[in-house]
Every structure is written in C-alpha cells, then in structure tokens.
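Chains as they are written, first to last, in this note's numbering: chain A, 201 to 462; chain B, 201 to 462.
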C-alpha cells in the first residue's frame, strides 16, 4: 500500500462531471483507498452542490478544490495522467496499460513529484484538448465489445491499482525499456503551470517572428504543449529556455520583423 | 488478460442484492472485463425485474441464473470465493488479499476447475452462514477509516484484478508458501454440490450415532461444511467417503444405537 505521504502527493481531477451520483462514487472510492485530494474542473454547479450535500458524502468532497480550467487544476503537478479507453481516440502521448502503471508512479513519487490523475466527463471522456495537458495516457484494459466504463467504477479500479501496487514497485530496476521515452532522469520535472508559462512565451515568439499564419496558432499551441510535456523538462531546463525566449522576444520587439506576408 | 475459455469457467454470484442500480453496475463491470455468467441468489423480485429491464442493461442480465440458495448457485463450483473487507468479520477460511489472488485462480483454471466469486448484500455483506460455502475469502485492501465499498465498485475492482492478472500468473512457481494450505494438489476438486451431499450424509450419521444433542446440529453442520472445503477433497475422495458414511449409516439403521441421553 502507499504511505500517507505518498497519497498526499496524488490529486484526483474530475473534468466536468455531470451526474452527482458519479461524483459521490468517485469520492467514496477515494476514501476507500485512502486518497484525499479531489479537484473538480468546470463543475456544473447544481449537480456539484447536490453531490457535496448528499447524505453520507465523504469529508473530502467538502475540501475539494474547484478550478475553472484543467490547466489551473494541474498547475502544480509534475506528472499528469489522463485515463480512459482507446476505442475512439489515439493519444498523442505515451500510453501505459493500467496494470503497468505502478513503476512510473513510484519513480515520480521517489523524486518528489506531484501526480494528477484525470477523469473526463461521463459522456465522452477526455477531449484531445484536455489530453494536451497530460504527460501519459493510462488505458484501462477493458473488453473491446464493451469498453466504456462507468466513471465511479473506472476511478475505483484506477485507485485500487495505485494503492495496492505503486509502493511495491517503489524500487524499479534501472535499465532500458522500463519507462516511456524521456521519463527516466532523476531531477524533479517542472510543474505543469511552469510549462504553460514557457509555452505561452514560445507562442508569443512564434507570433512575433511571423512563424506561421494566424489560423495555425491554435494548432501550434497544442503541439508545443504536448512537446514540452514529452521532453520532461526539469525546472532548470524550464528557467533556461524561459530566459532564452524572453531575450528573443525582447529583441524582436526592439527591431520588429516586417511581415512579408502582408 | 484471461482467455474467453478461462472467463467461461468463472461465475459471479450476487447474494440478495437490493439496489437495481448496483445490480446494473455489477453487470456493466462484468461486460467491461469480459465476464458473462451472473447468478443471483434470493433476488428481491421487484428490484431484480427493474435492473433487468433498465435501458442499456447488458445482455448478460437477460441470461443470468436465479437460485433460491447460495448452495444451489455454487453447486458446480470447485473453488468458491467470498469477497469483502475484514472490518466486522473474522473468516473461518483462508484469507487472501485481492492483489495476491491471481495465482490461486490461475492454478484452479489450469486444473479444469470452476470458480465462483460471491458478493454479499449492500448493507452487511456476506454472513457467516454464506461464508461457510466458501473455500477462501478475498479481502479488498481498503483504508481502515472507510473500509466498506459500494457493490458495483467492489465488483469492478475484483473483476479488473482477475482479468488483468490471473493469466499472467498462469504458471506459478511450485514450492511452499505460494498457496493457502491444502490448495496445491493437482486433481480437480470436488464440486460444491457434491460436498453438500457428503456433508448431509455425515450429519445423518452424527444424528444416528447420537454424536451430540439436537441443539448442536446447526453448529455441527456449519463446522462440517467448512471442514470439507478446507480439506479440498477431490472427486475420488468425495466418493470414497460417501461410500464409507453410507455404509456406516446403513449399519446404524440395521442395529440402532440406544440413545443413552433419553
């Protein structure tokens, strides 16, 4: 089992949950397996209030954090993990099967990281946009004939797996092929919010450099967000690149590049 | 993952479930992890009908078996496993933690056995009487501060564990301490119903022999039921003992023992 201190470094994040019963079920599974930190993104207020005031609702619902965006909810996290099945999506980040997740979490906890586990809305799960904040996608290995799980049950299965196995895997053997690419250095990764600051600055530089037409800016932002997570920058990397791009942006603003497309 | 043939040898049994939503949730978790055989013991008919007729109910609810008693539901099973937490009970049979269950199941499947996984009613779980039909008790490792799980979530966690891990453990290393006592021979175990026939006969012999006062008969029946499961009799053992006790009973009836207590 995880220690209390390890569990304290794991956040469960629900993106736009709709059904109060499902919110309650996730909270109950968290209490069953000893997790305490719940965040809810863009909650539908009537249902969120109903879930919190339900008879027998676990205490952790009272102390749950509310966030307007997923970016805000995971700003402090160094490893953000999206959950779901692979039926209707092909994630743009490394995919790990749930039974193989433990070594990854154990390693992140061992180097002092903070983990966020993200569950999408009941109807369609996490969107491609939501997933662009995730370092890894964890796949629950369901039957192809009935792949889609109920939210409360999916949370129970994931939290059971993490609570029961992540500590046993706390000392993974070093060597190749143990971890997804780029995830085996020992410096703490930069938190998600710091990556967002860097990504925003890079986008400003792209715009200032007339790197691509305005219509491409959304796609560029998406690609940069994913790339920065794939690279697993540590905080020193992030500060160095931030300094470099600030300098570039400052230079551009002193002597703007003429937009030859206009 | 388990193969289809392995899943075909696993029955999920619900004892007196009350909430139609929970019945539906168990059926959905079964479909998610590829299990097809559901039995319901002493169903409360209005709620059972409601669960079966719910919109989107998995097909396996239509083909579910109904049984009046747990003994009847598990009559064909060679390994009967009760589920729950250990908060308010101290089982009289070996206890296995859910993350350690896979080798036991893999071994039973490898020797051609039939497994039943039993879930109790929502309110109080399996009774001591229910558990007397179980060879093993599987404990879901929950937090002591909030040990009791929702039925649908408990089923999801157990079925995930079995589907994801039992096959990987199909070849357990031989040797001591790998399995609970008495579970490491290779002959198929006698089915539960055959053990019940033997247990009934032994109780008849006890009565005919004036082994104990009438007030002890219920306790004796309970103890014998447990003992026969702990011994893991195979079918040849069961037939041999059945023959022996039939002969003893026949002898008693030819020349009855005088009841010296009367």
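For every residue, glycine included, the Cβ atom is placed at its ideal position computed from N, Cα and C.
Values in this document were obtained by computation on a predicted structure and should not be read as measured data.
query                                                                                                                                                                                          : result
Mind listing the chain A neighbours of residue 244 of chain B? Cutoff is C-beta to C-beta under 9 Å, in chain order.                                                                           : Correct list: empty, because the minimum Cβ distance to chain A is about 21 Å.
Just the Cα atoms here: how many angstroms apart are residue 254 of chain A and residue 260 of chain A?                                                                                        : 13 Å
Name, please, each residue of chain A whose Cβ falls closer than 7 Å to the Cβ of residue 342 of chain B.                                                                                      : 232, 233
Would you mind stating whether residue 428 of chain A and residue 398 of chain A have Cβ atoms separated by less than 8 Å?                                                                     : yes
With a threshold of 8 Å, are at least 3 pairs of Cβ atoms found where one atom belongs to the segment 414-423 of chain A and the other to the segment 388-404 of chain A?                      : yes
Flag residue 307 of chain A as yes if its beta-carbon sits less than 8 Å from any beta-carbon of chain B, otherwise no.                                                                        : no
Quick one: what does DSSP say residue 339 of chain B is sitting in, helix, strand or coil?                                                                                                     : strand
In whole angstroms, give me the CA-to-CA distance for residue 379 of chain A and residue 271 of chain A.                                                                                       : Confidence in residue 379 of chain A is poor, its pLDDT being 45 and thus under 50, which makes the residue's placement too unreliable to answer from.
At a cut of 8 Å, does the segment 331-343 of chain B reach the segment 331-338 of chain A through at least three beta carbon pairs?                                                            : no
Give the DSSP-derived three-state secondary structure of residue 384 of chain A in the structure shown.                                                                                        : Reliability of the predicted coordinates at residue 384 of chain A is poor, the pLDDT of 44 falling under 50, and no value is obtained from them.
Count the other C-beta atoms from every protein chain shown that fall within 10 angstroms of the C-beta of residue 295 of chain A, then say buried if there are 16 or more, exposed otherwise. : exposed
Taking residue 349 of chain B and residue 350 of chain A to be in contact with their CB atoms under 8 Å, please state how far apart those CB atoms are, rounded to whole angstroms.            : The Cβ separation is near 14 Å, so there is no contact.
Using 8 Å as the limit for Cβ to Cβ distance, is residue 296 of chain A near chain B?                                                                                                          : no
Using 8 Å as the limit for Cβ to Cβ distance, is residue 299 of chain A near chain B?                                                                                                          : yes
Does residue 276 of chain A come out as helix, strand or coil in the three-state DSSP assignment?                                                                                              : coil
Could you give the first and the last residue of the continuous alpha helix (DSSP H) run that contains residue 247 of chain B?                                                                 : 245-253
Considering just the uninterrupted stretch of the alpha helix (DSSP H) at residue 422 of chain B, what are its terminal residues?                                                              : 417-431
Contact criterion: CB-CB distance below 8 Å. Does residue 222 of chain B meet it with respect to chain A?                                                                                      : no
Assuming residue 224 of chain B and residue 251 of chain B make a contact with CB atoms under 8 Å, what is their CB distance in whole Å?                                                       : 5 Å
Using a Cβ cut-off of 7 Å, pull out every chain D residue sitting near residue 357 of chain A, in sequence order please.                                                                       : Here chain D cannot be found, since the structure's protein chains are A and B.
Given this structure, state the Cα-to-Cα distance separating residue 436 of chain A from residue 277 of chain A, to the nearest angstrom.                                                      : 16 Å
Can a CB atom of chain B be found closer than 8 Å to the CB of residue 365 of chain A?                                                                                                         : yes
Give the residues of chain A in contact with residue 225 of chain B, contact being defined as C-beta atoms less than 7 Å apart.                                                                : 350, 353
If you measure from the beta carbon of residue 228 of chain A to each beta carbon in chain B, is any gap under 8 Å?                                                                            : yes
Just curious, the alpha helix (DSSP H) that residue 214 of chain A is in, first and last residue?                                                                                              : First-last for residue 214 of chain A: 210-215, but that is the beta strand (DSSP E), not the alpha helix (DSSP H).
Return no unless some Cβ of chain A is closer than 8 Å to the Cβ of residue 388 of chain B.                                                                                                    : no
What first and last residue would you give for the alpha helix (DSSP H) that runs through residue 205 of chain B?                                                                              : 204-207
Note down, in chain order, all residues in the segment 256-272 of chain A with a beta-carbon under 9 Å from any beta-carbon belonging to chain B.                                              : 258
Can you find the residues in the same chain that come closer than 8 Å, C-beta to C-beta, to residue 395 of chain B, ignoring five residues on each side of it along the sequence?              : 425, 428, 429, 433, 438
Which whole-angstrom value describes the C-beta separation of residue 361 of chain B and residue 298 of chain B, a residue pair presumed to lie in contact below a C-beta threshold of 8 Å?    : 5 Å
What residue from A:325, A:284, A:415 has the CA that sits closest to residue 339 of chain A's CA?                                                                                             : A:284
Quick check: is the beta carbon of residue 206 of chain A nearer than 8 Å to any beta carbon in chain B?                                                                                       : no
Using three-state DSSP, classify residue 352 of chain A as helix, strand or coil.                                                                                                              : helix
By Cβ distance below 8 Å, which residues in the same chain neighbour residue 342 of chain B in space, the five residues on each side in sequence not counted?                                  : 285, 348, 349
8 Å is my cut-off, CB to CB: does residue 438 of chain B come that close to chain A?                                                                                                           : no
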